[in-house]
Amino acid sequence: MARNKDIVGGNLSGIQPSARKAFLTRAFGGEDYAAKAAELRREKLSRAVIYVGAGTCGLAAGAAKTLEAAKKYIKEKKLDADILEVGCLGYCAAEPLLDVQLPGRARVSFQRAAGDVVPAILDSVFSDGTPLKDHVLGQFGDTGEKWPKVPMVSEHPFFAKQLRFVLKHVGVIDPLSIQEHIARGGYGAFLKVIHTMTPEQACAAVEASGLRGRGGGGFPTGKKWKIALASDADQKYIVCNADEGDPGAFMDRSAIEGDPHRVLEGIAIGAYAIHASKAYVYIRAEYPLAIRNLKKAIADAKAYGLLGENIYGSGFDLDVIIKMGAGAFVCGEETALMNSIEGRRGMPRPRPPYPAVRGLFGKPTVINNVETFANVPEIMAQGPAAFAAIGTKGSKGTKVFALSGKIERTGLVEIPMGTTLREIVFGIGGGVENGMAFKAVQIGGPSGGCIPESRMDIQVDYESLKTVGAMMGSGGLVVMDEKTCMVDVAKFFMDFIKKESCGKCIPCREGTLRMLEILKTITRSRRNEKEHDALARFSGIMQLENLSQVIRETSLCGLGQTAPNPVLSTLRWFRDEYEAHIFERKCPAGACTEMLEFSIDADKCKGCTLCVKACPTQAIVGKPKVPHYIVAEKCISCGSCKSVCKFKAVSAA
Numbered sequence: 001m002a003r004n005k006d007i008v009g010g011n012l013s014g015i016q017p018s019a020r021k022a023f024l025t026r027a028f029g030g031e032d033y034a035a036k037a038a039e040l041r042r043e044k045l046s047r048a049v050i051y052v053g054a055g056t057c058g059l060a061a062g063a064a065k066t067l068e069a070a071k072k073y074i075k076e077k078k079l080d081a082d083i084l085e086v087g088c089l090g091y092c093a094a095e096p097l098l099d100v101q102l103p104g105r106a107r108v109s110f111q112r113a114a115g116d117v118v119p120a121i122l123d124s125v126f127s128d129g130t131p132l133k134d135h136v137l138g139q140f141g142d143t144g145e146k147w148p149k150v151p152m153v154s155e156h157p158f159f160a161k162q163l164r165f166v167l168k169h170v171g172v173i174d175p176l177s178i179q180e181h182i183a184r185g186g187y188g189a190f191l192k193v194i195h196t197m198t199p200e201q202a203c204a205a206v207e208a209s210g211l212r213g214r215g216g217g218g219f220p221t222g223k224k225w226k227i228a229l230a231s232d233a234d235q236k237y238i239v240c241n242a243d244e245g246d247p248g249a250f251m252d253r254s255a256i257e258g259d260p261h262r263v264l265e266g267i268a269i270g271a272y273a274i275h276a277s278k279a280y281v282y283i284r285a286e287y288p289l290a291i292r293n294l295k296k297a298i299a300d301a302k303a304y305g306l307l308g309e310n311i312y313g314s315g316f317d318l319d320v321i322i323k324m325g326a327g328a329f330v331c332g333e334e335t336a337l338m339n340s341i342e343g344r345r346g347m348p349r350p351r352p353p354y355p356a357v358r359g360l361f362g363k364p365t366v367i368n369n370v371e372t373f374a375n376v377p378e379i380m381a382q383g384p385a386a387f388a389a390i391g392t393k394g395s396k397g398t399k400v401f402a403l404s405g406k407i408e409r410t411g412l413v414e415i416p417m418g419t420t421l422r423e424i425v426f427g428i429g430g431g432v433e434n435g436m437a438f439k440a441v442q443i444g445g446p447s448g449g450c451i452p453e454s455r456m457d458i459q460v461d462y463e464s465l466k467t468v469g470a471m472m473g474s475g476g477l478v479v480m481d482e483k484t485c486m487v488d489v490a491k492f493f494m495d496f497i498k499k500e501s502c503g504k505c506i507p508c509r510e511g512t513l514r515m516l517e518i519l520k521t522i523t524r525s526r527r528n529e530k531e532h533d534a535l536a537r538f539s540g541i542m543q544l545e546n547l548s549q550v551i552r553e554t555s556l557c558g559l560g561q562t563a564p565n566p567v568l569s570t571l572r573w574f575r576d577e578y579e580a581h582i583f584e585r586k587c588p589a590g591a592c593t594e595m596l597e598f599s600i601d602a603d604k605c606k607g608c609t610l611c612v613k614a615c616p617t618q619a620i621v622g623k624p625k626v627p628h629y630i631v632a633e634k635c636i637s638c639g640s641c642k643s644v645c646k647f648k649a650v651s652a653a
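For the sequence shown, our numbering begins at 1 and goes up steadily by one.
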């Protein structure tokens, strides 16, 4: 049975032989566990496999047509091949992704594999034996003979500096197959914990690893678990927060879509560690694919005896329930989330008492997000010291970020803590797209901060980011170029926060509204002001920073307390842009259209009258075939004239 220890992963030597045999037999059937596991890991193939990245982002990029084209190709060519839908590999800019693995050969990945190019890609592999160079992303080096002159995926700039724990199998495995998850080591850590460790030891191991909550607050996970374990109660709960509401964030969705059993295993370990017999996964209803895969994972885990009563003779019981949220941003806050699960309106509760002492239904409750739980199986399998060896003094392990915005290579990246923002944006992400100049990166979601180029060498670390007015947050990372107006960015996020405020406390409800009103006056044109509006505008601006501090110090929950961050960080690093808007009534980036003054170059204007027809206020005058001009008093700076001009005669300043 020694070989079985390597199949399942983790050290199963402490598990009762009967339980170990029952688990392996149920997972692989028969006695030849090693051969079956190798087959599930696709180390040896009897037929070709075509993998299609069919996560939400892949489907949005056209993966459904890619899948259809692959099925049609196999049918027409009468090939003996399987087609497998996998999650998102992370490189969203290259989607749709399609991989091919032939018996005895390495798995090769193709990028931008739209439906119309699928036949050429598959021909290049099945017929020519030379992967289509224009679409090759790279090959995987874990199994089979390597393809000549095909680079490794691990050497690609997007992947070279990544270290994957949470995303280790995302985009690689069949997310709906519990057997493949087990064959790659899945649930080995869970069985090891419930058979060889006490709850106290499990909590201590997580604490020793240095794992901190990846949902934004960064509270030490092991410490939170210990508090819940020490709380005496007849019922305890563990909750996975998958209510990912930050604009530009999609880490949790991809993790559940691509590897739901890893998340489920982390939840099960956490439940055992605090003596919880019931777990909830709170996930927004806008994630239908993630919900489908999670439901399948829970059903399969029950069928394999990994959930339910007296799991493999350990005496541990666990039931996992999915609770779908309606998409309210405030329900990402743990006490509002608990209210929602209980059937109440999603509004925060005063703390203390903290959920670990008195939480869901008045019982001790641990709430962690998807990424936090996904790290736990790796910690238990490799030992806390291995995890603690990665990162900085106060921030251990890895962090997943969703790269988006004005950047060449968008997608999910998982990097060791301590990596600089410059390495992420310019190294992994390839820098700003279209040759534009970098202006800032927004990190931490709507409640985060904007970091300028001069601070891009700062390390990704919970404490370091606070020194520049930002926060780790859940992991959204939005890149902005020179055409981005930072005042407009602050206004966008303040509008989002104002709309998502639950309205329970006055500082957040009224304060964010007032801050948004002030930001709107800053970006308002003088021609749209009446009577004493200009005086009121300056009066509001003078109070902006003081108002921010009041909201930060007096709001009930984390949403309100961090609401002013977008304004405070942009004021700190981009004060000159605010001054240009306030004193000069100009937007340096040209993004605030209301402040632009449009004019027509008489030398370029051909008098085609297109701009006259497009203008909603009849601010453009002129006869056909004669240069036109704009009446400034009537112009509302909508930009319609510029968008329709074929001769580039309209300019804005």
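We put the CB at the ideal spot given by N, CA and C, even for glycine.
Note that the structure is a prediction, hence the values are computed from the model and not measured.
{"Query": "Three-pair Cβ contact test at 8 Å for the segment 561-578 versus the segment 615-632", "Result": "no"}
{"Query": "Residue from Ile407, Asn565 and Gly104 with nearest C-alpha to Gly144", "Result": "Gly104"}
{"Query": "Where the alpha helix (DSSP H) containing Cys203 begins and where it ends", "Result": "Pro199 to Ser209"}
{"Query": "Reduced DSSP secondary structure (H/G/I, E/B, other) of Asn241", "Result": "strand"}
{"Query": "Beta-bridge partners of Lys192, as assigned by DSSP", "Result": "DSSP, once it has assigned bridges, lists no residue as partnering Lys192."}
{"Query": "Nonlocal neighbours in the same chain, by C-beta distance under 7 Å from Gly313, ignoring five residues either side", "Result": "Gln16 and Ala19"}
{"Query": "Selection from Ala285, Lys466, Cys587 and Glu257 that minimises the alpha carbon distance to Val487", "Result": "Cys587"}
{"Query": "Residue interval of the alpha helix (DSSP H) (run including Asn369)", "Result": "Taken as a continuous stretch (DSSP letters only), Asn369 belongs to no alpha helix (DSSP H), being part of the beta strand (DSSP E) at Thr365 to Asn369."}
{"Query": "Segments of 4+ residues assigned as alpha helix (DSSP H) that fall wholly inside the segment 488-576", "Result": "506-522, 533-542, 544-554, 558-562 and 565-573"}
{"Query": "Given Thr365 as reference, the closest of Glu207, Tyr272, Asp99 and Ile178 once Cα atoms are compared", "Result": "Tyr272"}
{"Query": "Alpha-carbon spacing of Glu529 relative to Ala653, whole angstroms", "Result": "20 Å"}
{"Query": "DSSP three-state assignment for Ser109, whether helix, strand or coil", "Result": "strand"}
{"Query": "Residues that DSSP places opposite Val52 in a beta bridge", "Result": "Glu85 and Leu98"}
{"Query": "Same chain, Cβ closer than 6 Å to Glu205, neighbours up to 5 away in sequence not counted", "Result": "Note that residue 205 is Ala in the sequence shown, not Glu. Around Ala205: Pro384."}
{"Query": "C-beta atoms of Thr372 and Arg349 nearer than 8 Å", "Result": "no"}
{"Query": "Beta-carbon proximity of Gly87 to Asp259, cut-off 8 Å", "Result": "yes"}
{"Query": "Exposure label - Arg345; buried when at least 16 CB within 10 Å", "Result": "exposed"}
{"Query": "Cβ neighbour criterion (16 or more within 10 Å) applied to Arg47", "Result": "exposed"}
{"Query": "Endpoints, alpha helix (DSSP H) assigned at Tyr462", "Result": "Tyr462 to Lys466"}
{"Query": "Bounding residues of the alpha helix (DSSP H) (the contiguous stretch that carries Lys613)", "Result": "Leu610 to Ala614"}
{"Query": "Boundaries of the alpha helix (DSSP H) in which Thr25 is found, first to last residue", "Result": "Pro17 to Phe28"}
{"Query": "C-alpha gap between Ala290 and Ile541, whole angstroms", "Result": "44 Å"}
{"Query": "Cys450, DSSP secondary structure in three states", "Result": "strand"}
{"Query": "Rounded straight-line distance, which links the Cα of Ser501 to that of Asn546", "Result": "20 Å"}
{"Query": "The segment 563-572 / the segment 621-639 touching (three or more Cβ pairs under 8 Å)", "Result": "no"}
{"Query": "Cα-Cα separation, Val281 to Gly245", "Result": "15 Å"}
{"Query": "Cutoff 7 Å; reference Ala470; Cβ partners in own chain excluding five residues on either side", "Result": "Ile443, Gly444, Gly448, Gly449, Ile451 and Ser569"}
{"Query": "Under the three-state DSSP convention, the category Arg3 falls into", "Result": "Unreliable placement is indicated for Arg3, whose pLDDT of 35 sits below 50; the coordinate value is still reported in the next sentence. Arg3 falls in the helix class under three-state DSSP."}
{"Query": "Bridge-paired residues (DSSP) for Pro220", "Result": "Arg212"}
{"Query": "Straight-line Cα distance separating Arg26 from Met515", "Result": "59 Å"}
{"Query": "Own chain, CB closer than 6 Å to Gly473, minus 5 neighbours either side, in chain order", "Result": "Gly216, Gly444, Gly445 and Gly448"}
{"Query": "Continuous beta strand (DSSP E) stretch holding Gln139: start and end", "Result": "Val136 to Gln139"}
{"Query": "Meets three-Cβ-pair contact criterion under 8 Å: the segment 407-418 and the segment 300-309", "Result": "no"}
{"Query": "Backbone CA spacing between Gly391 and Gly429 [nearest angstrom]", "Result": "20 Å"}
{"Query": "Where Glu342 falls: helix, strand or coil (DSSP)", "Result": "coil"}
{"Query": "Ile415 vs Lys399 beta-carbon contact at 8 Å", "Result": "yes"}
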